[in-house]
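First residue of the sequence shown: 149, per this note's numbering; consecutive thereafter.
Data block below; observations after.
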Amino acid sequence: MGKPLLHINNLNIHFNSEAGDFHVLKNASFTVNRGEIVAVVGESGSGKSITALSILRLLPPSAKYSSGNVLFSEDGIQEQDMLKCDDSTLRKVRGNRISMIFQEPMTSLNPLMTCGKQVMESIMLHQQVNQNEARHKVLGLFEKVQLPDASGMLTRYPHQLSGGQKQRVMIAMAMSCKPSLLIADEPTTALDVTVQKTILQLIRNLQQEENMGVIFITHDLGLVAEIADRVVVMLKGEIVEEGVVNNILNQPKHPYSKALLECRPALHAKGSRLPVVNDFIDAENKSIVGMDAKNQSVVGDFPDAKRQLFAVHNESTVGLPSLEPAYNAPPLVEVRNLKVWFSGKKNFLGKALSFTRAVDDVSLDIYEKETLGLVGESGCGKTTLGRALLRLVKPYSGSIKYKGHDFLALDEKALKPLRKDIQIIFQDPYSSLNPRMSIGNAIEEAMQVHALWNNKTTRREKTVELLEKVGLQADHYYRYPHEFSGGQRQRIGIARALSLDPGFVVCDESVSALDVSVQAQVLNLLNDLKKEYGFTVVFISHDLSVVHFISDRIMVMNKGRIEESGPSSEVFNNPKTDYTSRLISAIPGRKWG
């Protein structure tokens, strides 16, 4: 058999900072063989990416490799410790024998270089070829990763490509030197399910053709079911479980593995409360635990404790009023023949010669207290439609009525009272928050603009109340956005949207890039707040399993038009169009889950 392709042996990593010394990776050990895909799973902060970056020594200078080895063996005979080799050897290995696909291709690609030139640069660095030969190789790679108009892609810049296309360029670059080991760090996060499926199949095909070893890092166990041979589960810098994919997914032994599996919305009835990791893990004993109605622990073997715990979950919302959509009343929002077109090429007089029809003749009704799920692939028009409903983009034609008011005909003065009543929760809360403003001030600002409450003291009290309502603490008022995790920042976005007591909220991909457990927390929070405040929601997402869980109705968009709509379970379980069927069949791990 020989030596494994990669052997990480008792690796320990510390980070030194002004706040002290942090032990971020603890005695990590696992192997990757040739022709094998090993998935490394866990939540943010579990140590997945640190493990991957340590293989190529890409961690910052503050990282200290305290002990252990990262042994790489291409031929199965000789081993090379990546932590001890010199810089010259390391440069020959990086991008050549070991390649990496990073999570966010837009930040990994040079915005000032064409996509073709960037891949050519990698080839010419590691292979003795001239520019023409390198260009020919890049063209072949672009065709291999199924980029449309491969020759045209050579001269395009990253901003001219979609997310899926940029990720294909990154894969082409990683594969350009036929590496023995490929590290894929969350390569499909926030991509559409259909694009995600093709990227997974592409990685699998290339891996089989080249007999590569692959480390696939993800927090999505559905993806693990689709692509991996073995699974490594990480929690707080430690490997807590490892094994063959079917064993881990069907008979997990560690409570954390079981918790990750149970957090997925697809496993739970609509309207029920999703379990989260903390429901299953006692931080000290690492045992399954829940809290009963008297706030006492429920501990035991997985099946029994799970049943007790779910009973507690379902009882926890009994005191809240039921939220039934008012389908018998007039619609809260009426949209008729809405068109949002963006001009393309213009003549020398500035007149548009062509248009991109982002939203093309859409009509729909949204009823009070309902959650309408809006789904589709990137570019289908769902985000543009959501923003048009709030008048954040200007429609080309059509009408929008909110509570009977002609929303598009109102001037800014008449619009201001309605602005208070309609809010949006953005996909990326970090970019929607002012980094120089404390979160308390960011939430208060909205109240101040709309002249809510009499004074700053009252507004501060209301802000603290909202922070606690969304699961944060009063002393978080003075902290800044960079001091919070992604899930916490999403809670801040929710608190800010609710600070004006809106009647209508648009959630734009608000859980798409979150860990499965954090996603469950945010979905539970949204359901609880909906029951308490009674607002109406348009929930935009490309994840049909999430939309099915949280929505009363689903509307599927394709190329700017409504492809299909109906009750959530009906659309999800009995789709009427091929497009919807394709979206549902592309959900990762659906057959397994």
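We put the beta carbon where it would ideally sit given N, CA and C, even for glycine.
Three-way DSSP call (helix, strand, coil) for residue i in this model
i      : result
Asn722 : coil
Gly311 : helix
Asp559 : coil
Asn175 : strand
Arg627 : coil
Lys678 : helix
Glu390 : strand
Lys240 : helix
Glu374 : helix
Tyr550 : strand
Glu358 : helix
Ile351 : helix
Glu482 : strand
Val612 : helix
Gly385 : coil
Lys442 : In this predicted model, Lys442 has a pLDDT of only 37, less than 50, meaning its place in the structure is not dependable; the value taken from the coordinates is given anyway. Residue state, collapsed to three classes: coil.
Gly506 : It is worth fixing the name first, because residue 506 is Ala in this sequence and not Gly. Three-state result, Ala506: strand.
Gln571 : strand
Gly448 : At Gly448 the pLDDT is 45, less than 50, meaning the model places this residue with poor confidence; the figure from the coordinates comes in the next sentence. Here Gly448 sits in coil by DSSP.
Val293 : coil
Thr756 : Beyond the ends of the chain as shown, which are 149 and 741, falls residue 756; an answer cannot be given.
Leu537 : helix
Gly521 : strand
Ser322 : The question names Ser, but residue 322 is Ala in the sequence shown. In this structure, Ala322 counts as helix in the three-state DSSP scheme.
Ala477 : coil
Ala500 : strand
Ile514 : strand
Phe490 : strand
Asp576 : coil
Ala459 : Bear in mind that a pLDDT of 42 at Ala459, under 50, signals an unreliable position, so the number given afterwards is only what the model happens to contain. Reduced to three states, the DSSP call for Ala459 is helix.
Gly288 : helix
6 Å Cβ shell around residue i - same chain, five flanking residues per side excluded
i      : result
Met360 : Leu330
Arg607 : Glu592, Met595 and Trp601
Leu677 : none
Val343 : Gly312
Ser194 : Met382 and Leu383
Cutoff 8 Å; reference residue i; Cβ partners in own chain excluding five residues on either side
i      : result
Ser270 : Gly243, Met321, Ser324 and Cys325
Ser256 : Phe250 and Met318
Pro583 : Tyr628, Pro629 and His630
Residues bridged to residue i [DSSP beta-bridge criterion]
i      : result
His402 : Per DSSP, none; premise fails for His402.
Met705 : Ile710
His155 : Thr179 and Leu219
Pro715 : Arg701
Tyr213 : Ile161
Asp656 : Ile688
Gln276 : In DSSP, Gln276 forms no bridge with anything.
Ile331 : Met248 and Ile363
Ile185 : Val362
Asp234 : Paired residues: none, contrary to the question.
Gln228 : Phe220
Ser545 : Lys487
Val379 : Ala187 and Gly391
Nearest-angstrom Cβ-Cβ length linking residue i and residue j, presumed shorter than 8 Å
i      : j      : result
Val317 : Val267 : 7 Å
Val694 : Pro413 : 5 Å
Ile642 : Leu692 : Contact doesn't hold; Cβ gap of about 22 Å is too wide.
Ser177 : Ile203 : In fact, because the Cβ distance is near 13 Å, the residues do not count as touching under 8 Å.
7 Å CB neighbourhood of residue i in its chain, flanking five on each side removed
i      : result
Val185 : Looking at the sequence provided, one finds Ile at residue 185 rather than Val. Cβ within range, chain order: Gln355, Val362, Phe364, Ile375, Ala376 and Asp377.
Leu792 : The shown model of the chain, from 149 to 741, leaves out residue 792, and the question about it has no answer.
His274 : Gly243, Asn244 and Cys325
Ile289 : The sequence given here places Leu at residue 289; Ile does not occur at that position. Cβ within range, chain order: Val267, Ala320, Met323 and Ser324.
Asp333 : Ser197, Ala200, Met248, Ile249, Phe250, Gln251 and Ile365
Gly534 : Leu522, Val654, Asp656, Val686 and Ile688
Lys401 : Glu389
Exposed unless 16 or more other CB atoms sit within 10 angstroms - verdict on residue i
i      : result
Thr366 : buried
His171 : exposed
Gly552 : exposed
His307 : exposed
Leu154 : buried
Thr519 : buried
Ser236 : exposed
Asn721 : exposed
Arg239 : exposed
Leu173 : buried
Val597 : exposed
His696 : buried
Tyr727 : buried
Asn158 : exposed
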